[in-house]
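Residues are numbered in my numbering as their position in the sequence shown, beginning at 1, plus a constant of 130.
Heads up, the beta-carbon is just placed ideally off N, CA and C, and yes, glycines get one too.
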Amino acid sequence: MRSARTLSIIILAAVLAAGCASAGSRGAQSDDAKPNGDQEKTYSEIVTDETVSDSGLFVLHTLEEKLYYEIPLNMLDREMLLVSRRARTARALGYGGEKTNTQTVRWQKLRNQVLLRIASYENVAADSLPIYEAVRNSNFEPIIAAFDIEAWNADSSAIVIETTELFTDDVPVLGLPAYVRENYKVSSLDKDRSYLEWTKSFPENIEVRHVLTYKAKEPPSNASTGSISVEMNQSMVLLPEEAMQPRLFDERVGFFSVQQADFGRSDHKVVERTYITRYRLEPADTAAFLRGELVEPVEPIVYWIDPATPEKWRPYLKAGVEDWQQAFEQAGFRNAIIAKDPPTTEEDPEFSPEDVRYSVIRWFPSEVQNAYGPHVHDPRSGEILESDIGWFHNVANLLRNWYLIQTAAANPEARAVKFSDEVMGKLIRFVAAHEVGHTLGLPHNMKASSAYPVDSLRAPGFVCRMGVAPSIMDYARFNYVAQPGDEGACFDPRVGPYDDYSIMWGYRPILDADSPDAEMATLNAWIRTREDDPTYWFGNPSAVDPTSLTEAIGSDAMKAGELGIANLKRILPSLMDWTFEEGEDWAELEELYGQ
131 MRSARTLSII ILAAVLAAGC ASAGSRGAQS DDAKPNGDQE KTYSEIVTDE
181 TVSDSGLFVL HTLEEKLYYE IPLNMLDREM LLVSRRARTA RALGYGGEKT
231 NTQTVRWQKL RNQVLLRIAS YENVAADSLP IYEAVRNSNF EPIIAAFDIE
281 AWNADSSAIV IETTELFTDD VPVLGLPAYV RENYKVSSLD KDRSYLEWTK
331 SFPENIEVRH VLTYKAKEPP SNASTGSISV EMNQSMVLLP EEAMQPRLFD
381 ERVGFFSVQQ ADFGRSDHKV VERTYITRYR LEPADTAAFL RGELVEPVEP
431 IVYWIDPATP EKWRPYLKAG VEDWQQAFEQ AGFRNAIIAK DPPTTEEDPE
481 FSPEDVRYSV IRWFPSEVQN AYGPHVHDPR SGEILESDIG WFHNVANLLR
531 NWYLIQTAAA NPEARAVKFS DEVMGKLIRF VAAHEVGHTL GLPHNMKASS
581 AYPVDSLRAP GFVCRMGVAP SIMDYARFNY VAQPGDEGAC FDPRVGPYDD
631 YSIMWGYRPI LDADSPDAEM ATLNAWIRTR EDDPTYWFGN PSAVDPTSLT
681 EAIGSDAMKA GELGIANLKR ILPSLMDWTF EEGEDWAELE ELYGQ
């Protein structure tokens, strides 16, 4: 009896030891091992002859309308940017291609699950400091979703989870924003009318297209259906393992920015650190750059034209992008920014305007008279990763109205209800350059328009060389002070000397500086050399600063206004003749009178 009991104990100990060895050594498992019990499948149950697999950042597996992510272990806890866009949308609910949300996320393994968490960089401290853990503990990352581990791959270097419901359930960060739900009285998501459309895995990003259908009491269109259907595009892009060295913000030079509360500095209080947003531009030939030569960047900034863009306007949009090359030359780079036509299917079958790898000028079929230029950036450093300019179809009508009203008194080419393609093209080029400026990190500079003397704006060739203001980022519009008879008058805004300076200040590498603080002396010196010249001043829109107004040009607002009013009086008697079209009503004339 004693020997039998002893044998049982030995057998039990051996079994337990074998179990511990199995749990502790993934590499020893076979393809069909189920290390966490019967709830896990074998890899071969998911990846069958019927499975469609796509390799890239993750391996994506599609089987029987289910989507699986095969996540390499070395991708766990890596920061990724999750960018949500409406790819196709209901009428009156925005436009296809518009961004709805951006989150920094990471995938994290916790026991038998994988968590998708939102990462935040609003409060930071160096991980080498004692306070680092306290900062982390006070900024616990919310969980978007949790997934059971379905299987491990053959060599246990990756885990497999099913992510179907991430895209077919109501996950707020991936669907309609809260204000849209409130506006249209959305009650719930209808899963029966929500589904995956397609998926694609690239080396550094994953694209998922899915349709979400919501029950809504007051939908924006097709009210009888009581629902809203929208096709969403989710781009998940891997952030650089090593963040770009950020550049500290200075309010004397206009840049969009990101803020971080840095608890790791030696100051007596927490310091708010503000960094500018900018693309990563690095010299391909460092030695030549140090010799003062213009050099190509390692990676240029590339903007693609939306395939939906009318052919005749594409050259002007591209010119508006490349008008910024002169500014980047001040930063030491040639061909730093280029524009390209959309590739054909044969040239690039995987090209998609929704793909976060491409910065695209999106053409929206809309009656809105506007355009806008946002960008997506790395929250750790301010590095701009991608940008999509939104171009609304009817912005051309706004440009026609502005150009006619503001310049027709002295500008014969503006005296018509329909402009030639050449005239409209240069106006499109102007707006494109303005919006590209935003995507490069530049905000509006409303102080620029007060820099030039009014008489200079009337001088022969001055505006042709310098623009109506030193910055195209001002709302200076067109030269309305030029009078009939002013020889050599020009009327159009252009990328100007302030723009050249701001791009130089934000983008020129300071190669001997190994930290943001080490750059400060050089950055400040660049500002000090120009601080007495109003050409290089920056100012946000202000209701109390008469030098930072919108729709103004010239250093003397009263004088400019008098000249502008004189021109308005000149054109009023001619508006009827300029807008007359046989068989048409007077709607165009009425619109111009309302400007």
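- Query: Which same chain residues, not among the five before or five after A134, have their C-beta less than 6 Å away from its C-beta?
  - Reply: Note that A134 has pLDDT 40, beneath the 50 cutoff, so the model's placement of it is unreliable and no number is given.
- Item | L206 (DSSP reduced to helix, strand or coil) | Correct three-state label for L206: coil.
- Item | For N130, three-class secondary structure by DSSP | In the structure as shown, the chain starts at 131 and stops at 725, and residue 130 therefore has no counterpart that could be examined.
- Could I get the ranges of all uninterrupted beta strand (DSSP E) runs contained in the region 257-313, with 3 residues as the minimum, in chain order? With a minimum length of 3 residues, the continuous beta strand (DSSP E) runs that stay inside the region 257-313 are 273-282, 288-292.
- Query: Would C594 be called buried (16 or more neighbouring beta carbons within 10 Å of its own) or exposed?
  - Reply: C594 comes out exposed.
- Whose C-beta lies closer than 7 Å to the C-beta of S287 among residues of the same chain, with five residues either side of it excluded? Correct list, in chain order: P202, L203.
- Contacts around V177, its chain only, beta-carbon distance under 7 Å, and the 5 residues preceding and following it disregarded: Cβ neighbours of V177 beyond the five flanking positions: S183, H191.
- Closer than 7 Å: is that where the CB of A220 sits relative to any heavy atom of the ligand PLP? The ligand PLP is absent from the structure shown, which contains no ligands of any kind.
- Message: Please state the DSSP three-state secondary structure of K315.
- Response: Coil at K315, not helix or strand.
- If you run the structure through DSSP and keep just helix, strand and coil, what is H574? Three-state DSSP puts H574 in coil, outside helix and strand.
- Range of the contiguous beta strand (DSSP E) that encloses M362: Per DSSP, M362 belongs to the beta strand (DSSP E) from 357-368.
- Taking only beta-carbon atoms, is I435 less than 8 Å away from chain D? The structure shown has no chain D; it contains just one protein chain.
- Below 8 Å between beta carbons: does that hold for N541 and F621? Yes; because the gap between Cβ atoms is below 8 Å, this pair is in contact.
- Item | Beta-bridge pairing of K239 - partner residues as DSSP gives them | DSSP, once it has assigned bridges, lists V244 as partnering K239.
- Query: Does DSSP put H340 in a helix, in a strand, or in coil?
  - Reply: In the structure shown, H340 sits in a strand (DSSP, three-state: E or B).
- Supposed close pair R492, I519 - CB separation, criterion 8 Å: With a Cβ gap of about 7 Å, R492 and I519 count as contacting.
- Item | Cβ-based neighbour list, E711, same chain, cut-off 7 Å, excluding 5 preceding and 5 following | Here the set comprises V547.
- Given a threshold of 16 other Cβ atoms within 10 Å of its Cβ, counted over all protein chains shown, does D551 qualify as buried or as exposed? Looking at its Cβ environment, which holds fewer than 16 other Cβ atoms inside 10 Å, D551 is exposed.
- First and last residue of the beta strand (DSSP E) that includes K470? From DSSP, the beta strand (DSSP E) with K470 extends over 467-470.
- Cβ neighbour criterion (16 or more within 10 Å) applied to K442: Classification of K442: exposed, given that the 10 Å Cβ count is below 16.
- Rounded straight-line distance, which links the Cα of Y666 to that of R660: Rounded to the nearest angstrom, the two C-alpha atoms are 6 Å apart.
- Message: Please state the DSSP three-state secondary structure of F621.
- Response: F621 falls in the coil class under three-state DSSP.
- Message: Bridge partners for W708 per DSSP, in chain order?
- Response: W708 is bridged by DSSP to nothing; it lacks a bridge partner.
- Query: Who are the Cβ neighbours of D630 in its own chain at under 6 Å, not counting the five residues just before and after it?
  - Reply: Closer than 6 Å at Cβ, skipping near neighbours: A457, Q460.
- Task: Kindly indicate which residue of L534, G684, V674 has the alpha-carbon position closest to the one of S704.
- Result: Selected option, being the one with the closest Cα: L534.
- Query: Which residue or residues does DSSP assign as beta-bridge partners of K196?
  - Reply: According to DSSP, K196 bridges with L193.
- Task: Report buried or exposed for Q613, applying the criterion of at least 16 other Cβ atoms within 10 angstroms of its Cβ.
- Result: With fewer than 16 Cβ atoms within 10 Å of its Cβ, Q613 is classed as exposed.
- Query: Ends of the beta strand (DSSP E) at F188?
  - Reply: No beta strand (DSSP E) holds F188; DSSP gives it neither H nor E.
- Query: Where are the alpha helix (DSSP H) runs, 4 residues long or more, that stay fully inside the region 527-570, in chain order?
  - Reply: Within the region 527-570, the complete alpha helix (DSSP H) runs of at least 4 residues are 551-569.
- Item | Counted within 10 angstroms of its Cβ, other Cβ atoms place E480 as buried (16 or more) or exposed | Note on E480: under 16 other CB atoms within 10 angstroms of its CB, so exposed under the neighbour-count rule.
- Cα separation between M374 and V388? It is roughly 14 Å from the alpha-carbon of M374 to the alpha-carbon of V388.
- Alpha carbon of M706 to alpha carbon of E720, nearest angstrom: Here the alpha carbon of M706 sits roughly 10 Å from the alpha carbon of E720.
- Opposing strand residues paired with D518 [DSSP bridges]: Beta-bridge pairing links D518 to V490.
- Query: Of the choices E692, L378, N269, R247, whose alpha-carbon is the least far from that of S645?
  - Reply: It is L378.
- Query: In angstroms, rounded to a whole number, what distance separates the CA positions of G512 and V498?
  - Reply: Roughly 30 Å between the two C-alpha positions.
- Message: Would S357 and A346 be called neighbours here (beta carbons separated by less than 8 Å)?
- Response: When the beta-carbon positions are compared, S357 and A346 come within less than 8 Å of each other.
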